[in-house]
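First the structure, in the form of structure tokens, and then the observations on it.
Protein chains in written order, with the numbering used here: chain A, 52 to 186; chain B, 178 to 397.
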């Protein structure tokens with residue numbers, strides 16, 4: 052391959068940078084999430100492969116920790132909820148939920164972060180309603 | 178084809194052809210390099226051709242050999258598939274070496290570049306030269322956003338993954354048809370992750386009303 056950093060001019064995109072992006076967990080997830088959110092390229096197979104290789108222990112924190120790219124110290128999960136809609140949103144969350152469940156199930160409730168506490172469950176007896184799970 | 182050779186090959190059943198007959202047939206059809214591969218492989222007689230259902234007659238074999246122009250990039254899909262199934266690595270290596278790095282090497286039912294086919298079918302002798310060819314093509318295409326968008330096909334992306342030992346990702350990337358344009362999106366995501374760019378603003382009050390993940394196992 053081209054010798055990155057040697058032949059590339061300053062500021063020119065390099066192969067090494069692209070490879071690093073591919074290997075970064077947050078970038079991986081963000082890339083597939085943004086593609087899914089756009090609705091043009093679901094990248095469902097790629098996301099599935101990434102999630103499978105990352106596992107809940109890595110997916111959970113990536114979704115629920117404050118993400119540097121999200122305005123206002125928001126989480127990636129919050130951004131997903133805000134920026135995606137309709138079937139794209141449903142498909143995306145269907146991918147992510149099992150990993151999120153596994154991650155939260157493995158965490159002592161007392162150690163949950165504020166973002167984890169803000170995860171809601173459907174309220175019983177209230178059609179369409181949700182209740183915040185608080186501790 | 179030399180009339181005497183053609184006369185012999187046309188007069189005896191394919192299954193009775195010797196390895197020399199098969200090689201002579203390839204030479205007669207303008208494929209001397211393929212003939213050399215047959216000879217180097219050894220014991221590729223008519224029975225091997227018939228056993229693999231590659232062909233069943235002089236006429237159909239001639240048509241098969243003459244129907245493709247290897248340098249055109251369309252390749253010998255059926256011939257390659259047969260060589261792989263019959264475990265003829267020298268023949269397979271020769272056929273793979275004729276392919277441009279970014280075209281599907283096999284018929285539609287089994288996609289994959291020449292490099293991917295060589296790796297997945299353990300044609301290890303073909304791998305170094307195929308890696309070099311794929312690498313040279315990607316270098317020539319370039320790494321700028323514009324180059325990725327306009328030049329890189331999904332097969333190029335697959336080769337890129339293979340060159341960097343990320344073979345496990347290839348099936349998913351192919352299924353989603355990840356091409357150069359989507360690699361640009363990956364690069365953009367990296368810029369966002371590192372803080373060089375921010376995600377689009379959203380209405381956070383609405384976010385907090387709508388964050389909803391069903392966790393039925395949670396305690397009341």
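For each residue, glycine too, the CB sits at the ideal point set by N, CA and C.
Name the chain B residues whose beta carbon is nearer than 7 Å to that of residue i?
{"i": "residue 102 of chain A", "result": "Residues of chain B passing the Cβ test: none, with the nearest at roughly 11 Å."}
{"i": "residue 75 of chain A", "result": "367, 370"}
{"i": "residue 65 of chain A", "result": "320"}
{"i": "residue 96 of chain A", "result": "349, 352, 353"}
{"i": "residue 187 of chain A", "result": "No answer is possible for residue 187 of chain A: it lies beyond the span of chain A, which begins at 52 and ends at 186."}
Going along chain B in order, which residues have a C-beta closer than 8 Å to the C-beta of residue i?
{"i": "residue 141 of chain A", "result": "What residue 141 of chain A touches in chain B: nothing, since even the nearest Cβ is about 11 Å away."}
{"i": "residue 146 of chain A", "result": "Under the 8 Å cutoff, chain B gives no residues; its nearest Cβ is about 12 Å from residue 146 of chain A."}
{"i": "residue 99 of chain A", "result": "349"}
{"i": "residue 108 of chain A", "result": "Chain B residues near residue 108 of chain A: none, gap ~17 Å exceeds 8 Å."}
Check whether chain A comes within 8 Å of residue i, counting only Cβ atoms and requiring the distance to be less than that.
{"i": "residue 364 of chain B", "result": "yes"}
{"i": "residue 307 of chain B", "result": "no"}
{"i": "residue 179 of chain B", "result": "no"}
{"i": "residue 273 of chain B", "result": "no"}
{"i": "residue 250 of chain B", "result": "Bear in mind that the predicted position of residue 250 of chain B carries a pLDDT of just 48, short of 50, making it unreliable; the figure below should be weighed with that in mind. No, because no Cβ of chain A sits closer than 8 Å to the Cβ of residue 250 of chain B."}
{"i": "residue 196 of chain B", "result": "no"}
Residues bridged to residue i by DSSP?
{"i": "residue 187 of chain A", "result": "No statement about residue 187 of chain A is possible, as the shown extent of chain A runs from 52 to 186 and does not include it."}
When you compare the CB of residue i with every CB in chain B, is at least one pair closer than 8 Å?
{"i": "residue 137 of chain A", "result": "no"}
{"i": "residue 117 of chain A", "result": "no"}
{"i": "residue 86 of chain A", "result": "yes"}
{"i": "residue 113 of chain A", "result": "no"}
{"i": "residue 72 of chain A", "result": "yes"}
Along chain A, which residues have their Cβ under 8 Å away from the Cβ of residue i?
{"i": "residue 265 of chain B", "result": "Here the premise fails: no neighbours, minimum Cβ distance about 31 Å."}
{"i": "residue 241 of chain B", "result": "Neighbours of residue 241 of chain B on chain A: none; closest Cβ ~35 Å, over 8 Å."}
{"i": "residue 256 of chain B", "result": "Per Cβ cutoff of 8 Å: no residues; residue 256 of chain B is ~31 Å from chain A at best."}
Who are the neighbours of residue i on chain A, taking C-beta pairs under 7 Å?
{"i": "residue 360 of chain B", "result": "69"}
Contact set between the stretch 324–356 of chain B and chain A, restricted to residues whose Cβ is under 7 Å from the partner: Of all residues in the stretch 324–356 of chain B, the ones placed with a Cβ closer than 7 Å to any Cβ belonging to chain A are 340, 341, 346, 349, 350, 352, 353, 355, in chain order.
Chain-ordered residues of the stretch 276–304 of chain B with a beta carbon less than 9 Å from chain A: Residues passing the 9 Å Cβ filter: none.
At least 3 beta-carbon pairs within less than 8 Å: the stretch 211–222 of chain B vs the stretch 265–273 of chain B: Judged by Cβ distances under 8 Å, the stretch 211–222 of chain B makes contact with the stretch 265–273 of chain B, as three or more pairs qualify.
The stretch 222–236 of chain B in contact with the stretch 185–200 of chain B per 3-pair CB rule at 8 Å: Contact between the stretch 222–236 of chain B and the stretch 185–200 of chain B is present: 3 or more CB-CB pairs across the two stretches fall below 8 Å.
Three CB pairs or more closer than 8 Å across the stretch 76–93 of chain A and the stretch 153–166 of chain A: The stretch 76–93 of chain A vs the stretch 153–166 of chain A: no contact.
contact_flag[the stretch 125–137 of chain A, the stretch 92–100 of chain A] where n(CB pairs < 8 Å) is 3 or more: The stretch 125–137 of chain A vs the stretch 92–100 of chain A: no contact.
The stretch 305–325 of chain B in contact with the stretch 354–364 of chain B per 3-pair CB rule at 8 Å: Enough Cβ pairs lie closer than 8 Å, so yes.
Stretch-stretch touch, CB-based, cutoff 8 Å, three pairs: the stretch 271–281 of chain B with the stretch 330–338 of chain B: Contact holds between the stretch 271–281 of chain B and the stretch 330–338 of chain B, because three or more Cβ pairs, one in each stretch, are under 8 Å apart.
Segment contact flag, the stretch 98–118 of chain A with the stretch 73–86 of chain A, C-beta cutoff 8 Å, min 3 pairs: In this structure the stretch 98–118 of chain A lies against the stretch 73–86 of chain A, because at least three pairs of beta carbons, one per stretch, are closer than 8 Å.
Cβ contact (3+ pairs, closer than 8 Å) linking the stretch 302–315 of chain B and the stretch 342–350 of chain B: The stretch 302–315 of chain B vs the stretch 342–350 of chain B: no contact.
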